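Numbering-wise (the numbering used here), the sequence shown opens with residue 275 and increments by one.
Where a beta carbon is used, it is the ideal one built from N, C-alpha and C, also for glycine.
Given the structure is predicted, the values throughout are model-derived calculations rather than measurements.
Scroll down for the structure; my scribbles are underneath it.
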Amino acid sequence: MTRILVLDGHPANGSFCSALAEEYSREAGTKGHEVRVRHLSKLDFNPDYGTSDFDQGPQLEPDLQAFWEDITWCEHIVIVHPLWWGGHPAKLKGLFDRVLLSGKAFKYVKGKTIPEKLLKGRSAEVLVTADTPGWIFKWIYGAGIRKQTEKQILAFCGFKPKGYHVFSPIHGSDDAERTKMLSRAGHLGRKAA
């Protein structure tokens with residue numbers, strides 16, 4: 275049994291990302307995993323870090339403190355988010371900025387170029403919705419957000435990336451296509467961690 279945190283990283287309530295997150299969670303639960311789900315749309319916090327001093331950042335609001343506790347509890351995190359302008363929605367990026375802090379998620383060590391990863395021993399998986407067809411995302415645009423998410427956010431803090439799954443195109447998809455996407459998310463949940 276694995277402790278899994280699923281983050282619905284869409285800033286709006288009732289999105290298709292939410293449906294994917296719920297399906298993943300439900301199916302992971304059927305395999306005996308302990309699952310917690312957080313919806314970005316329901317978290318109340320200021321996404322602006324607001325200072326250039328990493329040692330004097332703002333206090334975590336209660337929702338951010340609870341989310342941090344979920345991160346330290348989990349063994350596997352699943353982030354479900356839409357692709358907006360080739361990146362994360364601003365509120366999701368703000369969540370990373372505010373919660374994955376120096377001294378908590380990573381630690382600078384004098385004389386070393388690469389910080390110490392404080393969230394080692396955990397894995398991560400990402401589900402992304404996009405209007406861009408997958409082949410364009412990968413071959414034309416270069417999948418920059420994948421590199422940023424897997425290497426410069428997750429792996430930087432110690433999470434081991436275990437999958438990056440693109441669900442597209444969303445725009446123009448019909449009920450049958452979305453049903454297949456939900457089934458795929460459920461399949462990923464059943465074979466989680």
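For residue i, which residues of its own chain have a beta-carbon under 7 Å away from its beta-carbon, when the five flanking residues on both sides are left out?
{"i": "V383", "result": "P389 and E390"}
{"i": "G303", "result": "V309"}
Alpha helix (DSSP H) containing residue i: first to last residue?
{"i": "K365", "result": "A364 to V373"}
{"i": "R312", "result": "Element bounds for R312: not the alpha helix (DSSP H) but the beta strand (DSSP E), E308 to H313."}
{"i": "P336", "result": "P336 to W347"}
{"i": "I419", "result": "G418 to K421"}
{"i": "E297", "result": "F290 to T304"}
Taking the alpha-carbon of residue i as reference, which of the options has the nearest alpha-carbon?
{"i": "G288", "options": "R310, K316 and F430", "result": "K316"}
{"i": "L393", "options": "D448, K381, R464 and T387", "result": "K381"}
{"i": "C291", "options": "V311, G303 and A302", "result": "V311"}
{"i": "A328", "options": "P285, V373 and E335", "result": "First, the amino acid is wrong: residue 328 is Phe here, not Ala. Answer by Cα proximity: V373."}
{"i": "D318", "options": "W358, A286 and K386", "result": "A286"}
{"i": "P435", "options": "T423, K465, A398 and H307", "result": "A398"}
{"i": "K367", "options": "I410, D322 and L334", "result": "D322"}
{"i": "W342", "options": "P363, D371, V354 and G360", "result": "D371"}
Could you tell me the boundaries of the beta strand (DSSP E) in which residue i lies?
{"i": "G476", "result": "With the chain represented from 275 up to 467, any question about residue 476 goes unanswered, as that position is not in the structure."}
{"i": "D282", "result": "R277 to D282"}
{"i": "H445", "result": "Unbroken run through H445: none, as it is neither H nor E."}
{"i": "S397", "result": "S397 to T403"}
{"i": "V354", "result": "H350 to P356"}
May I have the straight-line CA-CA distance separating residue i from residue j, to the nearest angstrom?
{"i": "L234", "j": "E451", "result": "A query on residue 234 cannot be resolved here, the shown segment of the chain reaching from 275 to 467 and no further."}
{"i": "C431", "j": "P443", "result": "31 Å"}
{"i": "E349", "j": "A466", "result": "11 Å"}
{"i": "T403", "j": "R464", "result": "20 Å"}
{"i": "L294", "j": "V354", "result": "7 Å"}
Among residues of its own chain, excluding the 5 on either side of residue i, which ones have a beta-carbon nearer than 8 Å to its beta-carbon?
{"i": "S376", "result": "F328, D329, Y382 and P389"}
Whose C-beta lies closer than 6 Å to the C-beta of residue i among residues of the same chain, with five residues either side of it excluded?
{"i": "D337", "result": "L317, D318 and F319"}
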